[in-house]
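Numbering (the numbering used here), first residue to last: 1186 to 1499. Glycine is no exception: its CB is placed at the ideal position from the N, C-alpha and C atoms.
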Ligand code: SF4
């Protein structure tokens, strides 16, 4: 699906949902109270070094409430801003395919009862948490609703991945993408620009790595060093280079030029609670970041995937 125009030189999620459903679709971030195998010792301890205590779910609902209540509370707030909206509950915090299978089934089943304006379910997880039992559960879920799975890759450079304690391999990631696509599940991948050790070339290579896989969507964001994380503690003791806004914009624009033009871009800025941020402070002004990316794409007359068509780089 090509949704680009003179204003937006890439496929935005908003335009994708408008074309598909005729309405805005709002994602409602929920916290099912699950954990992560990279924290509880199954794969590792301490988690990815940048991971917040909420397990990358800083805007998810209150874990002390049921998923239904979390959904209703957040929906009521969103409804004040967008009157006629469709919704997609989003299991965001931690690893949402990791846990006892009946518990996971109960979680997914509860999301199926959330009402007529809910168009599907989005589940955030790790590539190494999609065993056969989970895939059967997801296949079953697919027969009832639209299922989207979000996978964290962050970088295709496995040395960097090791440095940030990702504790899962690119091979596991590739297998997960194909396993999910065989079930007809929409796959959205998270990548992070500015990780320690990653060069601009590594970040472009991450896009090229993903172009070879049948993914549907991507979230690109900058590394945000947060308080009370292992990376944050390390940064406060010994600061390391952080991308400037100009560097981030320059990298993202080139990544868009290389990104396959059927992939939907879900996000180009980071999502975090500003009170937790150490650096980079420019990430707080999301609209500025988005505008700078749009401005540069227009100035270069560059559209998503152009470098693949022209076989050239900037
Ligand atoms: S996989 Fe996700 S939830 Fe688990 S430690 Fe890494 S960022 Fe946190």
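Just confirm the distance between the C-beta atoms of residue i and residue j, as a whole number of angstroms; I'd bet it's less than 8 Å.
i	j	result
residue 1414	residue 1237	6 Å
residue 1360	residue 1399	Not a contact, Cβ separation roughly 13 Å.
residue 1263	residue 1305	Not a contact, Cβ separation roughly 16 Å.
residue 1157	residue 1463	As displayed, the chain neither begins before 1186 nor continues past 1499, which places residue 1157 out of reach and without an answer.
residue 1380	residue 1320	In fact, because the Cβ distance is near 29 Å, the residues do not count as touching under 8 Å.
residue 1245	residue 1278	4 Å
residue 1441	residue 1482	7 Å
residue 1315	residue 1364	6 Å
residue 1353	residue 1333	Not really, about 20 Å apart at Cβ, beyond 8 Å.
residue 1211	residue 1267	6 Å
residue 1433	residue 1378	6 Å
If you follow the alpha helix (DSSP H) that residue i is part of, which residue opens it and which one closes it?
i	result
residue 1148	Lying before the first or after the last residue shown, residue 1148 is absent from the chain, which here runs from 1186 to 1499.
residue 1261	1252–1266
residue 1321	1317–1327
residue 1415	1415–1422
residue 1295	1286–1296
residue 1493	1491–1495
May I ask you to list the residues that DSSP assigns as paired with residue i?
i	result
residue 1154	The chain is shown from 1186 up to 1499; residue 1154 falls before or after that span and cannot be answered.
residue 1452	1404
residue 1273	1212
residue 1410	1464
residue 1339	1376
residue 1197	1450
residue 1479	In DSSP, residue 1479 forms no bridge with anything.
residue 1225	1230
Establish whether the CB of residue i and some CB of chain D are separated by less than 8 Å.
i	result
residue 1468	Although the question refers to chain D, the structure presented lacks it and comprises just one protein chain.
Just curious, the beta strand (DSSP E) that residue i is in, first and last residue?
i	result
residue 1469	Neither: residue 1469 is in no beta strand (DSSP E) and is coded neither H nor E.
So does residue i have its beta carbon nearer than 7 Å to some heavy atom of the ligand MG?
i	result
residue 1409	With respect to the ligand MG, the structure offers nothing, as its ligand set consists of the ligand SF4.
**Item:** Whole runs of the beta strand (DSSP E) within the segment 1359–1389, excluding any shorter than 3 residues
**Value:** 1371–1378
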